[in-house]
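Undergrad: Below you'll find the structure I mean.
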Amino acid sequence: GQQLNQSPQSMFIQEGEDVSMNCTSSSIFNTWLWYKQDPGEGPVLLIALYKAGELTSNGRLTAQFGITRKDSFLNISASIPSDVGIYFCAHSNFGNEKLTFGTGTRLTIIP
Amino acid sequence: DAGITQSPRHKVTETGTPVTLRCHQTENHRYMYWYRQDPGHGLRLIHYSYGVKDTDKGEVSDGYSVSRSKTEDFLLTLESATSSQTSVYFCAISDPARRENQFFGPGTRLTVL
């Protein structure tokens, strides 16, 4: 299957810090998605990207579809305790129901 | 929140026994999916359905079968459970217009001893 590398695997930050994570693929796709998973729950869709270069925000979260179409980035500004969780990227081609997920970035906020 | 429930939420079983997990949706979405989540692997697609009695395999379908006799229910069966099938199983649904935008259920934690 396609290789989808997500980094970093984990992050330990203090409240108020900004966060950046990214995913890179070995192939080109035309849809990138970012999900968040809280402990004991299923992933929840945060942002969907459909166009190379696209920059989309959802509150303090901003995601970008890389211009090479092989990568995507997620930034969280001014982190708060409820940002704790695992963030997953995923990609597919438009209209294709088969998603490939990254291995996740676990975000922990240090008191 | 999308109306998706999974049952059971937790199950412990023994190697060689059959296990069926149920996913129920109240959204009337045509597409339904089963994923498994394991440390270091993210979520991997097992099977999916694009309508009643219409199913297809995903990335890790060996050892699993599915059935969909009604729009609202999608069943995942492990015919003879093995320890390698210990995992957290998630059901998801999506609308045909945006199949890649998938909404997930709460998950079922399955332990095979």
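Protein chains in written order, with the working numbering: chain F, 1136 to 1246; chain P, 601 to 713. Glycine included, every Cβ here is placed at the ideal spot set by N, Cα and C.
(1) Leaving out five residues on either side along the sequence, give the residues of the same chain with a beta carbon under 7 angstroms from the beta carbon of residue 1159 of chain F.
(2) For residue 1172 of chain F versus residue 1220 of chain F, is the C-beta distance shorter than 8 angstroms?
(3) Give me the Cα-Cα distance between residue 1268 of chain F and residue 615 of chain P, rounded to the nearest whole angstrom.
(4) Is the beta carbon of residue 645 of chain P sitting closer than 8 angstroms to the one on residue 1181 of chain F?
(5) Return the bridge partner residues of residue 1181 of chain F from the DSSP annotation.
(6) Could you confirm whether any beta carbon from chain F is found closer than 8 angstroms to the beta carbon of residue 607 of chain P?
(7) Among P:680, P:609, P:691, which one has its Cα closest to the Cα of residue 625 of chain P?
(8) Could you please tell me which residues of the segment 655-670 of chain P, in chain order, have their CB closer than 8 angstroms to any CB of chain F?
(9) Check whether chain F comes within 8 angstroms of residue 674 of chain P, counting only Cβ atoms and requiring the distance to be less than that.
(10) Expressed to the nearest angstrom, what Euclidean distance is found between the alpha-carbon atoms of residue 1165 of chain F and residue 1193 of chain F?
(11) Does the Cβ-Cβ distance between residue 652 of chain P and residue 685 of chain P come in under 8 angstroms?
(12) From which residue to which residue does the beta strand (DSSP E) around residue 1247 of chain F run?
(13) Report the partner residues of residue 651 of chain P according to the DSSP bridge assignment.
(14) Any idea if residue 1162 of chain F is buried or exposed, counting beta-carbon neighbours within 10 angstroms, 16 or more meaning buried?
(15) Reducing DSSP to helix, strand and coil, say where residue 699 of chain P ends up.
(16) For residue 683 of chain P, which three-state DSSP category applies?
(17) Looking only at its chain, what residues have a beta carbon closer than 7 angstroms to the beta carbon of residue 671 of chain P, apart from the 5 residues adjacent to it on each side?
TA: According to the structure data:
(1) So the qualifying residues of the chain are 1140, 1205, 1206.
(2) Their beta carbons are under 8 angstroms apart, which means residue 1172 of chain F touches residue 1220 of chain F by this criterion.
(3) Any answer about residue 1268 of chain F is impossible in this case: the structure gives chain F only from 1136 up to 1246.
(4) Between residue 645 of chain P and residue 1181 of chain F, the C-beta gap is not smaller than 8 angstroms, which leaves the two residues out of contact.
(5) The partner list for residue 1181 of chain F (beta bridge, DSSP) is empty, contrary to what the question assumes.
(6) Taking Cβ atoms only, chain F never reaches closer than 8 angstroms to residue 607 of chain P, which makes this a no.
(7) Here the closest residue by C-alpha is P:691.
(8) Hits within the stretch, in order: 658, 659.
(9) No, residue 674 of chain P does not count as interfacial toward chain F.
(10) Across the structure, residue 1165 of chain F and residue 1193 of chain F are spaced so that their CA atoms are roughly 20 angstroms apart.
(11) Cβ distance not < 8 angstroms, so residue 652 of chain P and residue 685 of chain P don't count as in contact.
(12) Nothing about residue 1247 of chain F can be reported from this structure: the residues present for chain F run from 1136 to 1246 only.
(13) In the DSSP output, where bridge partners are listed per residue, residue 651 of chain P has P:654.
(14) So residue 1162 of chain F counts as exposed.
(15) Residue 699 of chain P: coil per DSSP, three-state reduction.
(16) In the displayed model, residue 683 of chain P falls within a helix according to three-state DSSP.
(17) Taken in chain order, the residues that qualify are 628, 652.
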